[in-house]
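With UniProt numbering, the residue at position 400 of the sequence shown is 400, and numbering never jumps.
Glycine included, each C-beta is placed from N, C-alpha and C at the ideal position.
As the structure is a computational prediction, the values presented were derived from the model and not from experiment.
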Amino acid sequence: MHSARDYLALKPADLGSTCYLYSTFGRCPRGLACRFGSSHITEEGHNKVDPELFDPDRPASSTNVLSKEVQLALRKYKYDFSKSEKVCKGEKRQGPVADEDQVKLKAEEKPKIEWRDKLYLSPLTTLGNLPFRRVCRRFGADVTCGEMAVASSILQGQPQEWALVRRHESETLFGAQICGNNPLILAKCAQVLQEQTDIHFVDINTGCPIDLIYQQGSGSALMRRPNVLEQMVTAMTQVSDLPVTVKTRTGVYSDKKTAHTLIPRLRTSGASLITLHGRSREQRYTKMADWAYIDECAKAAHPVPLFGNGDILSYEDYKEKREMCPNVAGVMIGRGALMKPWIFTEIKEQRQWDISSSERLEILKQYVNFGLEHWGSDDKGVETCRRFLLEWLSFLYRYVPLGLLERPPQAINERPPPFRGRDDLETLMASPRSADWVAISELLLGPVPQHFHFLPKHKANAY
Numbered sequence: 001m002h003s004a005r006d007y008l009a010l011k012p013a014d015l016g017s018t019c020y021l022y023s024t025f026g027r028c029p030r031g032l033a034c035r036f037g038s039s040h041i042t043e044e045g046h047n048k049v050d051p052e053l054f055d056p057d058r059p060a061s062s063t064n065v066l067s068k069e070v071q072l073a074l075r076k077y078k079y080d081f082s083k084s085e086k087v088c089k090g091e092k093r094q095g096p097v098a099d100e101d102q103v104k105l106k107a108e109e110k111p112k113i114e115w116r117d118k119l120y121l122s123p124l125t126t127l128g129n130l131p132f133r134r135v136c137r138r139f140g141a142d143v144t145c146g147e148m149a150v151a152s153s154i155l156q157g158q159p160q161e162w163a164l165v166r167r168h169e170s171e172t173l174f175g176a177q178i179c180g181n182n183p184l185i186l187a188k189c190a191q192v193l194q195e196q197t198d199i200h201f202v203d204i205n206t207g208c209p210i211d212l213i214y215q216q217g218s219g220s221a222l223m224r225r226p227n228v229l230e231q232m233v234t235a236m237t238q239v240s241d242l243p244v245t246v247k248t249r250t251g252v253y254s255d256k257k258t259a260h261t262l263i264p265r266l267r268t269s270g271a272s273l274i275t276l277h278g279r280s281r282e283q284r285y286t287k288m289a290d291w292a293y294i295d296e297c298a299k300a301a302h303p304v305p306l307f308g309n310g311d312i313l314s315y316e317d318y319k320e321k322r323e324m325c326p327n328v329a330g331v332m333i334g335r336g337a338l339m340k341p342w343i344f345t346e347i348k349e350q351r352q353w354d355i356s357s358s359e360r361l362e363i364l365k366q367y368v369n370f371g372l373e374h375w376g377s378d379d380k381g382v383e384t385c386r387r388f389l390l391e392w393l394s395f396l397y398r399y400v401p402l403g404l405l406e407r408p409p410q411a412i413n414e415r416p417p418p419f420r421g422r423d424d425l426e427t428l429m430a431s432p433r434s435a436d437w438v439a440i441s442e443l444l445l446g447p448v449p450q451h452f453h454f455l456p457k458h459k460a461n462a463y
């Protein structure tokens, strides 16, 4: 179809009358395909530009986009990984020595991050996308990290994997989390990330409980392969100047904690930070996190800082964990941030926030706007945004308003009985029915396509 008029005549009705991208930046990059296009598409089919808002020289708000040249070099195995290969093969040179081989940065000379007392938003598969991280940054999260990326897929130049390391300009301390089962692959991945992206640290995921990852020898399987993990950290610190961090669990099995034996090896191999989830792989998210064991491991990690992770849903939880664990340098928050992203504000302001349903709806509107900016305002972008919004709502509904609690604060592992909110919107937001989550998405993104059905990707055993 070559006629803009004909296309507009066949185009479905707009989902809304205002395009966030046009009203914010003065131009919508989706043009005629925008599902909110009535505000910037003329009857003749022209995409309007607001000269007062549009700045053609404005830099992109997100970085770490994979260039075609680098993608082609990776796919054709022409990217220069000689640096990583030398490190992993332990190559010994003869003859003249070049400066880069002779003058290496000592560990104390490499860039360092002051981790202590920072609030770290956990890397969250599926849910820890860029729009969600932006929301948490606005509420006070200090450290953010991309969703787990598979190192071998990064090295293959796969766009969907490189999308996981995209960083927004508001993320002032941002890292990329990778997983793999081979020191050479992770060293190469650390090298290409340092050379081609703008990030502050690289995190190795040794706590992922997913069966597929575990069976490949990655994720939490690395807790059973301490020699390989030690080689990974050593190789990555030698190849890259970026700080290397490690996220792990207490062990593979519930009755056998092994993290305390692994942590001294991570300390000596050059890890900049260790984050410890106080549960085993076998537990996943059931039962309470073992913070006494986290403190024991933090003592073993000294002087490397160790962050604890697990069961923090309020300022009171944060204060209790910090007081009972004097050796812990900070906390990482995952499910707590999914259920109430304003937890970072509560912790920093040392208060409880009885947030209203209208304020929570504004947070969702903010997320949707960030999502349309990130994924686009065309059909594909809108439905991608809707899907991730619904995934987030499958956690958000678990929040119980502070004003309804008999004994505040809410505990993360306690499932409340059905309750009625203080207004209809609050009641709707507390519904465990996916049909009601879809209804909330329609308030923000318009009606869903015909025969639309949503099934949450994350159906955890724990509440």
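So, helix, strand or coil for THR144, using DSSP?
Strand.
Sequence-distant residues of the same chain with beta carbon closer than 6 Å to GLY157, five excluded per side:
Residues of the same chain with a CB within less than 6 Å of the CB of GLY157, apart from the 5 flanking positions on each side, are GLN71, LEU74, ARG75 in chain order.
Segments assigned beta strand (DSSP E), at least 3 residues, entirely inside the segment 299 to 373:
If we require 3 residues or more, the beta strand (DSSP E) runs fully inside the segment 299 to 373 come out as 306 to 309, 330 to 333.
With distances taken from CA atoms, which of MET236, ASN205, ALA235, LEU273 is nearest ALA221?
For ALA221, the closest of MET236, ASN205, ALA235, LEU273 by C-alpha to C-alpha distance is ASN205.
Candidates PRO401, LEU402, GLU362: which alpha carbon is nearest LEU443's?
Scanning PRO401, LEU402, GLU362 for the CA closest to the CA of LEU443 turns up GLU362.
Ordered along the chain, which non-local residues of its own chain (more than five positions away) have a Cβ less than 8 Å from that of PRO159?
Closer than 8 Å at Cβ, skipping near neighbours: LEU66, GLN71.
Given this structure, state the Cα-to-Cα distance separating MET332 from MET232, to the nearest angstrom.
Going by the C-alpha atoms only, they are around 23 Å apart.
Is any heavy atom in the ligand GDP found nearer than 7 Å to the beta carbon of ASP117?
The ligand GDP is not among the ligands present in this structure, which contains no ligands whatsoever.
Reduced DSSP secondary structure (H/G/I, E/B, other) of VAL202
DSSP places VAL202 within a strand segment (E or B) once states are collapsed to three.
Span of the beta strand (DSSP E) around PHE174
PHE174 -> beta strand (DSSP E) spans 174 to 179.
Just to confirm, are VAL192 and ALA176 a CB contact at a threshold of 8 Å?
Taking 8 Å as the Cβ cut-off, VAL192 and ALA176 do not qualify as a contacting pair.
Under the three-state reduction of DSSP, which class applies to HIS453: helix, strand or coil?
Coil at HIS453, not helix or strand.
Per the DSSP calculation, ASN47 is bridged to which residue(s)?
DSSP output for ASN47 lists ILE41 as bridge partner(s).
Three-state secondary structure (DSSP) at LYS112?
LYS112 carries a coil assignment under DSSP once its states are collapsed to helix, strand and coil.
Using the Cβ count rule (16 or more neighbours within 10 Å means buried), how would you classify PRO59?
By the neighbour-count rule (16 or more Cβ atoms within 10 Å), PRO59 is not buried but exposed.
Assuming TYR120 is part of the beta strand (DSSP E), what are its boundary residues?
That run of the beta strand (DSSP E) goes 119 to 121.
My assumption, with CB atoms under 8 Å, is that ILE343 sits in contact with SER314. Please give the rounded CB distance.
About 7 Å separates the two Cβ atoms, so the contact holds.
Beta-carbon gap between PRO432 and CYS136 smaller than 8 Å
Taking 8 Å as the Cβ cut-off, PRO432 and CYS136 do not qualify as a contacting pair.
Assign ILE450 to buried or exposed, taking buried as 16 or more other Cβ atoms, counted over all protein chains shown, within 10 Å of its Cβ.
Note on residue identity: the sequence assigns Gln, not Ile, to residue 450. Under this definition GLN450 is an exposed residue.
Quick one: what's THR63 bridged to in DSSP?
The bridge partners DSSP lists for THR63 are ARG167.
How many Å lie between SER170 and THR144 at the Cα?
For the pair SER170 and THR144, the Cα-to-Cα distance works out to about 10 Å.
Between which residues of its own chain and ARG5 is the CB-CB distance below 6 Å, once the five residues before and five after are set aside?
The residues are GLY45.
Tell me where the beta strand (DSSP E) around LYS247 begins and ends.
Residues 244 to 249.
Would you report the Cα separation of LYS117 and ALA329, rounded to the nearest angstrom?
For the sequence presented, residue 117 should be read as Asp rather than Lys. Here the alpha carbons of ALA329 and ASP117 stand approximately 6 Å from one another.
Count the other CB atoms, across all protein chains shown, that sit within 10 Å of the CB of MET223; report buried if there are 16 or more and exposed otherwise.
Residue environment for MET223: buried (at least 16 other C-beta atoms within 10 angstroms of its C-beta).
Residue span of the alpha helix (DSSP H) that contains LEU74, given as start and end
In this chain, the alpha helix (DSSP H) harbouring LEU74 covers 68 to 75.
Considering Cα atoms alone, identify which of ASN64, PRO408, ASP198 is closest to ARG351.
Measuring from the Cα of ARG351, the nearest candidate turns out to be PRO408.
Would you kindly check if the distance between the Cβ of HIS168 and the Cβ of LEU229 is under 8 Å?
Not a contact, by the Cβ cut-off of 8 Å.
Extent of the continuous alpha helix (DSSP H) to which LEU402 belongs:
Segment: none, LEU402 is in no alpha helix (DSSP H) and carries neither H nor E.
Hey, quick one: how far does the beta strand (DSSP E) through THR275 stretch, first residue to last?
Start and end: 273 to 277.
Cut-off 6 Å between Cβ atoms - residues of its own chain near SER434, not counting five sequence neighbours on either side:
For SER434, where only same-chain residues beyond five positions count, the Cβ hits under 6 Å are PHE454.
Using the three-state DSSP reduction, which class does TYR253 fall into: helix, strand or coil?
Residue state, collapsed to three classes: strand.
Other residues of its chain near MET288: CB distance less than 7 Å, five sequence neighbours each side excluded:
Cβ-Cβ distances below 7 Å link MET288 to ASP311, ASN413 in the same chain, with the five nearest sequence neighbours on each side left out; the list follows chain order.
If you run the structure through DSSP and keep just helix, strand and coil, what is ARG422?
Three-state DSSP puts ARG422 in coil, outside helix and strand.
Can you list, in chain order, the residues of its chain with a C-beta nearer than 7 Å to that of PHE54? Leave out the 5 residues immediately preceding and following it.
These residues qualify, in order along the chain: PHE25, GLY26, ARG27.
Can you tell me where the alpha helix (DSSP H) holding PHE25 begins and where it ends?
Run containing PHE25: 20 to 25, per the alpha helix (DSSP H) assignment.
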